[in-house]
Every structure is written in structure tokens, then in C-alpha cells.
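Here our numbering is used: position 57 in the sequence shown is 396, and no number is missing along the way.
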Amino acid sequence: MVHSFSPGETEDVGRKMAEGLRGGEVIALRGGLGAGKTTFTRGLAVGMGLPDEVSSPTFALVNEYRGKNVTMYHFDMYRIMNAEALETTGFYDYMSEDSVIVCEWTENIEGCLPKNTVNITIEHMGEDVREITVEGDERFDGFRY
Ligand code: ADP
Ligand code: MG
């Protein structure tokens, strides 16, 4: 678990974490509106050598950031209410060894994500303070920033 005291620091945590990604991961981001899920994803993108102009995929459902070795698919599942709806997004077709899938708002589809999903929870502790917890993947056990 790590604490962040600014948006830039949350990006840095994402950037650091990206160093441990190889491709094939699904990353679920929890935390309410304004927690910093998109901010964290921006850091992940930078860490993966992708462009940093990451914006919320709320309307597009999924944004694609294509890098040299890896492609990041950034989903916003806010409107996805069940397994059937998830299926229609084509989510499972995006999973591959050379992609990293990052999902915001997975609360309605928890049981549908792969077992080895990396779960990141961002808790709003105060105005600029966030607590970031990484669970579900032993590679990130004891993750320190
Ligand atoms: P979400 O995608 O979870 O809705 P965003 O990343 O879009 O959240 O927005 C987070 C908001 O919180 C931004 O306005 C950002 O500037 C602000 N913020 C303040 N402190 C932090 C912090 N420590 N980490 C991340 N965002 C922060
Ligand atoms: Mg967001």
C-alpha cells in the first residue's frame, strides 16, 4: 500500500508499477469518481512507453494506446451492468499476451474478470491524499514506490 499526496505522485506510482508488466495483464481500478483512476492510468501509459494523453474513456468505452511492444486498452465499465453487457463490449477479445487491459469501474462485473486480475484500489483520504493498494498478483506484493 502506498500513499500519494498529489496527482503527479499517483502518476509516478502507475509509472513505477508499469515496470513490472509484461503484457497479458488485466488491471482493475476501483475507487469512486475523482479517486484518481484515470490519473493512475496516465502513469501506467508513460511507464509502458505509450503517449501520456490518456483521457477518460467514459463515452468511447475503450481507448487504445498502441506502443511498440504492447498495446494498452483502457476501458470504462461505468455503464456495464452485467456479464452479458461485458460480453458485448468484446472485452475478452482484447485480452492477449501483448496487451495490457486497464478497467475503471468494474464493480458490476467483478466475477467476470480473469482470476489473475491485478486489483488496484485508490481511496480518497483527503483533498490531495490517496491510498493506493495493489492486490491479486504476487509480483506486486510488497510493491513500494
Ligand atoms: P477518476 O478517474 O477516478 O474519476 P481522475 O483521475 O479523473 O479520477 O481525477 C482525479 C482528480 O483528483 C483530479 O482532478 C486530480 O487532480 C485530483 N487529485 C488530487 N489529488 C490527487 C492524487 N493524490 N492522486 C490523483 N488525483 C488527485
Ligand atoms: Mg476516470
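Cβ coordinates follow ideal geometry from the N, Cα and C atoms, glycine included.
Asked                                                                                                                                             : Found
Three or more C-beta pairs under 8 Å: does that hold for the region 432-452 against the region 411-420?                                           : yes
Check Arg405 in the structure and name its three-state DSSP category.                                                                             : strand
By the three-class DSSP mapping on this structure, what secondary structure does Ile417 have?                                                     : According to the sequence provided, residue 417 is Tyr. The question's Ile does not apply to it. In the structure shown, Tyr417 sits in coil (DSSP, three-state: anything other than H, G, I, E or B).
List the residues that DSSP assigns as beta-bridge partners of Ala367.                                                                            : Cys442 and Asn458
Mind the definition here: the region 393-404 touches the region 462-476 only if three or more C-beta pairs lie below 8 Å; say whether that holds. : no
Can you say whether Met340 is buried or exposed, counting buried as having 16 or more other CB atoms within 10 angstroms of its CB?               : exposed
Taking 7 Å as the line, does the beta carbon of Ser343 fall inside it for any heavy atom of the ligand MG?                                        : no
Taking the straight line between their C-alpha atoms, what separation do you get for Gly375 and Ser345?                                           : 10 Å
What is the DSSP secondary structure of Met411, reduced to helix, strand or coil?                                                                 : strand
So, Glu358 versus Gly386, is the Cβ gap smaller than 8 Å?                                                                                         : yes
Between the C-alpha atoms of Gly465 and Thr377, what's the straight-line distance to the nearest angstrom?                                        : 18 Å
Counting along the chain, where does the alpha helix (DSSP H) carrying Arg354 start and finish?                                                   : Pro346 to Ala357
Going by the DSSP bridge assignment, what does Thr327 pair with across the sheet?                                                                 : With the chain covering only 340 through 484, there is no way to say anything about residue 327.
Would you check whether the ligand ADP has a heavy atom nearer than 7 Å to the C-beta of Asp476?                                                  : no
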